[in-house]
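Below is one structure, written out as structure tokens; the observations come after it.
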Amino acid sequence: MTALAERRVIPHDELQSRSKRKESEDRAAASVRPEDLRLLEALLFAASEPLDEKTLAARLPPEVDLRATLRALQNEYASRGVNLVRVAGKWAFRTANDLSWLLTKEAVVPKKLSRAAIETLAVIAYHQPVTRVEVEEIRGVAMSKGTFDVLMETGWIRPRGRRKTPGRPITYGTTEAFLSHFGLESLSDLPGLEELQGSGLLDGRLPPGFTVPTPSDDPALREDEEPLEPGDLDLGLAPPPERVEE
Amino acid sequence: MTALAERRVIPHDELQSRSKRKESEDRAAASVRPEDLRLLEALLFAASEPLDEKTLAARLPPEVDLRATLRALQNEYASRGVNLVRVAGKWAFRTANDLSWLLTKEAVVPKKLSRAAIETLAVIAYHQPVTRVEVEEIRGVAMSKGTFDVLMETGWIRPRGRRKTPGRPITYGTTEAFLSHFGLESLSDLPGLEELQGSGLLDGRLPPGFTVPTPSDDPALREDEEPLEPGDLDLGLAPPPERVEE
Amino acid sequence: MTPDADIKAMETVAAEFAERASGEPALVVDVEGFEGPLDLLLMLARQQKVDLSRISILALADQYLAFIEAARKLRLELAADYLVMAAWLAYLKSRLLLPEAAPTEGPSAEEMANALAWRLRRLEAFREVASRLMARPQLQRDVFARGDPEPIADIKRPQWSATLYDLLSAYAAQRQRRALAHVSVAPRKVWSLAEARAALERLIGRTEDWHELDSYLLTYAVEPALRPTVLASSLAATLELVREGAMEVHQHSAFAPIYVRKRHAPAAGSAGAGNGAPSGID
Chain S
182 MTALAERRVI PHDELQSRSK RKESEDRAAA SVRPEDLRLL EALLFAASEP LDEKTLAARL
242 PPEVDLRATL RALQNEYASR GVNLVRVAGK WAFRTANDLS WLLTKEAVVP KKLSRAAIET
302 LAVIAYHQPV TRVEVEEIRG VAMSKGTFDV LMETGWIRPR GRRKTPGRPI TYGTTEAFLS
362 HFGLESLSDL PGLEELQGSG LLDGRLPPGF TVPTPSDDPA LREDEEPLEP GDLDLGLAPP
422 PERVEE
Chain E
182 MTALAERRVI PHDELQSRSK RKESEDRAAA SVRPEDLRLL EALLFAASEP LDEKTLAARL
242 PPEVDLRATL RALQNEYASR GVNLVRVAGK WAFRTANDLS WLLTKEAVVP KKLSRAAIET
302 LAVIAYHQPV TRVEVEEIRG VAMSKGTFDV LMETGWIRPR GRRKTPGRPI TYGTTEAFLS
362 HFGLESLSDL PGLEELQGSG LLDGRLPPGF TVPTPSDDPA LREDEEPLEP GDLDLGLAPP
422 PERVEE
Chain L
128 MTPDADIKAM ETVAAEFAER ASGEPALVVD VEGFEGPLDL LLMLARQQKV DLSRISILAL
188 ADQYLAFIEA ARKLRLELAA DYLVMAAWLA YLKSRLLLPE AAPTEGPSAE EMANALAWRL
248 RRLEAFREVA SRLMARPQLQ RDVFARGDPE PIADIKRPQW SATLYDLLSA YAAQRQRRAL
308 AHVSVAPRKV WSLAEARAAL ERLIGRTEDW HELDSYLLTY AVEPALRPTV LASSLAATLE
368 LVREGAMEVH QHSAFAPIYV RKRHAPAAGS AGAGNGAPSG ID
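Chains as they are written, first to last, in my numbering: chain S, 182 to 427; chain E, 182 to 427; chain L, 128 to 409.
In structure tokens form, the structure reads like this:
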């Protein structure tokens, strides 16, 4: 449950009673119109994918105080079977963490990731932007095409640029789908990230100037990266921007 | 959306205030445990289709009073942006009737190209201008009419001329829509042999003499092409199937 | 541990290893299911039951080499990477055991051992965060989105969806299929030293001096019958690299060992000594 608590903007007691919930509703209601709550609720409920605030704002009447309404809605749902969570900087309703036992029938049995794929994913997530050779250097094995393809298929990693070094290798990073899948609001919520950074194991080995102590999926390229050419761009998973929303 | 109203078992005032809802909640709460509401809520939220009471009962702990819990949940949601409705004897969450305007515009249903279609498209892109027979030679399989029609429907390929050979077969190429869909600035952005190998899409073990053409969609006809006749020109928009086959 | 007990223990490990790998269809133990020499070293290191930062690399090298011997006894076919690592550990061991005669160029034996320990710690750290990541509640496994979403209007979707990746992989796959339908490539038997070095570079990072190492690589990583071929082809490849200025090679006299090393970029400063050596052989 701790993971869930991290994601919530407003901390609350998991076992908060229904009547307590009503109190917080009343507080929120002071600045939020009930009708706006209905609209926002309907919008977010209807979508299975997280929606960003811009999209929400565009759908709602202009006078709605989006932030306050979101917060009030999050509060209302905090103790329920469905929660309003923030993933990858966007908003979505998700079933509560503690109810996974109930929903096993709904679970899509995912292709089980091999150990190689899981480790590769972790290296990319915690060390991004990172090249294939760097991943191989850390793991001490060549990355098989199968492993790489499986990860690309998950849609969790993407090619993001090219490193400005000889050979101009492609750099990889994680996607929004990655954050959404693991319920992370941003990369800084990666579990164990601080320890890993503190250990100094993330730096070193790379020539000075290429150390990347803090992972970033900021689409803006680093200084040592240059853009992919159009030909590379979608080589990986390639959703053209308008399709990301689906 | 009127159909939705008919589906509701318990009529209620659409504009019932939040505070009224709380009262009804309190009434329901007398016989219903809050935790059961959470479970039911999560089940119905995550379900991919409406669930009947038998299914719900089977998934919930045996001591849950299903009828009472359903009614309480329906009450709770009655005034909200999402309602619990009964459809053909089964239960589901649906956007409130009066908010259908929020979701009115039809979303285009995405269709995925078949494997045959995408392979054919790829060959046309790389080898254009290319005739149907040449595509079949490269692919090693005959092209089905369905595959071809689908590609024409996408608007990504077009007939561009006729090859100056016996039978004067039509040559095909890609369109601007093709470039914009795949995010390519020009056709020369398609990766060549080395790039394909570098990305692992082609493996290193290729027979000598294996080449990947440098594609071009220059609309100017090649030397071995002659223009389509006016009658052929509409082919791209609405190909009468029997003429495409020729 | 007595040497005998050590060998015994390694045979157990090797058997376990064989079992773990038995689910693999290929002859080669590595690649999909098993995670390479560093993985094996980590497993062995854990048997020392000490903090990874205080691990004895010498003991680890012994264990690893014993494992390789045991695996050979069991006629277990090991992927080349394991043998390359064995060669390197044998080399490292010899340098750790002999007092360093004079300060040589490049890292000392101790530095190399530390680097290996550091790499093992880093691998373990990534393993740790990987498992923590996977333990998080995952979408559609632990937490669920709306199962029956209602379409929202202003999300535009193209009617036909296909990504460039789909397109390129479809192209590559069919060209590859057709290409291989015409030509069948026999599995290669010859493993060149250059490949061994490339594998080693991946395993332990760049190495300054290859010359001594090569004899180890030949011993461990190359089928005895193929050694002359491999040596010849690798010499040819080396000369090519020398011609391109990527390598330096010299030999003190006919039939003496051939010394080879990477040519440093002029800025590296250490190129002077190498350039002074006569680079003509043949």
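Just so you know, even glycine gets a beta-carbon here, dropped at the ideal spot from N, CA and C.
- LEU219 (chain L) places its beta carbon less than 9 angstroms from that of MET239 (chain L).
- DSSP places SER288 (chain L) within a strand segment (E or B) once states are collapsed to three.
- Under the rule that a run must span 4 or more residues, the alpha helix (DSSP H) segments found entirely inside the stretch 336 to 416 of chain E read 357 to 362, 374 to 379, 411 to 414.
- Contact fails between the stretch 244 to 259 of chain L and the stretch 251 to 267 of chain S, because fewer than three Cβ pairs, one in each stretch, are under 8 angstroms apart.
- Within the same chain, TYR191, LEU192, ILE195, TYR347 come within 7 angstroms of ALA213 (chain L) by CB-CB distance, once the 5 residues on both sides are set aside.
- Rounded to the nearest angstrom, the gap between the Cα atoms of THR328 (chain E) and ARG349 (chain E) is 22 angstroms.
- Taking CB atoms only, GLU230 (chain S) has a neighbour in chain L less than 9 angstroms away.
- Identification of residues in the stretch 286 to 298 of chain L having a C-beta nearer than 9 angstroms to some C-beta of chain E yields GLN286, TRP287, SER288, ALA289, THR290, LEU291, TYR292, ASP293, LEU294, LEU295, SER296, ALA297, TYR298, given in sequence order.
- A direct Cα-Cα distance of roughly 22 angstroms separates LYS271 (chain E) from SER212 (chain E).
- Closest option to GLN255 (chain E), judged by alpha-carbon separation, among E:GLU244, E:VAL245, E:ASP246, E:ARG267: E:ARG267.
- One finds ALA223, PHE226, ALA227 in chain E with Cβ atoms closer than 7 angstroms to the Cβ of THR276 (chain S), taken in chain order.
- Look at the stretch 261 to 285 of chain S: the residues with a C-beta under 7 angstroms from a C-beta of chain L are ALA273, PHE274, ARG275, THR276, ASN278, SER281, LEU284.
- Interface with chain E (9 angstroms Cβ-Cβ cutoff): GLN190 (chain L) is excluded.
- Residues of the stretch 255 to 267 of chain L whose Cβ lies closer than 9 angstroms to any Cβ of chain S, in chain order: GLU255, VAL256, ALA257, SER258, ARG259, LEU260, MET261, ALA262, ARG263, PRO264, GLN265, LEU266, GLN267.
- With fewer than 16 other CB atoms across the displayed protein chains lying within 10 angstroms of its CB, HIS379 (chain L) is exposed.
- Interface annotation, GLY364 (chain S): in contact with chain L, CB-CB separation under 9 angstroms.
- Put simply, the CB of ILE351 (chain S) is near chain E, with a gap under 9 angstroms to one of its CB atoms.
- Taking a Cβ-Cβ cut-off of 7 angstroms, the neighbours of GLY381 (chain E) in chain S comprise LYS326, PHE329, given in sequence order.
- By the Cβ-count criterion, GLY342 (chain E) is buried, with 16 or more other Cβ atoms from all chains shown falling within 10 Å of its own Cβ.
- Taking C-alpha positions only, LEU366 (chain L) is separated from VAL376 (chain L) by approximately 8 angstroms.
- For the pair ASP370 (chain E) and ASP166 (chain L), the Cα-to-Cα distance works out to about 40 angstroms.
- In this structure, DSSP gives GLN309 (chain E) a state outside helix and strand, which the three-state scheme calls coil.
- Buried is the label assigned to GLN301 (chain L), since at least 16 other Cβ atoms lie within 10 Å of its Cβ.
- Along the stretch 383 to 394 of chain E, going in chain order, the ones with a CB nearer than 9 angstroms to a CB of chain L are LEU383, ASP384, ARG386, LEU387, PRO388, PRO389, PHE391, VAL393.
- When C-alpha distances from LEU280 (chain E) are compared across E:SER295, E:ALA269, E:VAL263, E:VAL322, the shortest belongs to E:VAL263.
- With respect to PHE226 (chain E), ARG273 (chain L) sits close: the two C-beta atoms are nearer than 9 angstroms.
- DSSP, reduced to helix, strand and coil, places ARG248 (chain E) within a helical segment of the structure shown.
- DSSP, reduced to helix, strand and coil, places GLU334 (chain E) within a helical segment of the structure shown.
- ASN264 (chain S) has S:ARG275 as its beta-bridge partners, per DSSP.
- Secondary structure note for TRP215 (chain L): its alpha helix (DSSP H) is the uninterrupted segment 207 to 224.
- Taking a cut-off of 8 angstroms on C-beta distances, the stretch 350 to 358 of chain E touches the stretch 307 to 315 of chain E, as three or more cross pairs fall below it.
- Under the three-pair Cβ rule at 8 angstroms, the stretch 254 to 262 of chain L does not count as touching the stretch 334 to 341 of chain S.
- Interface flag for ARG240 (chain E) against chain S is set, since a Cβ pair is found closer than 9 angstroms.
- Residue environment for PRO372 (chain S): buried (at least 16 other C-beta atoms within 10 angstroms of its C-beta).
- Taking CB atoms only, LEU251 (chain S) has no neighbour in chain E less than 9 angstroms away.
- Looking at the backbone, the Cα of ALA326 (chain L) and that of LEU358 (chain L) are separated by about 17 angstroms.
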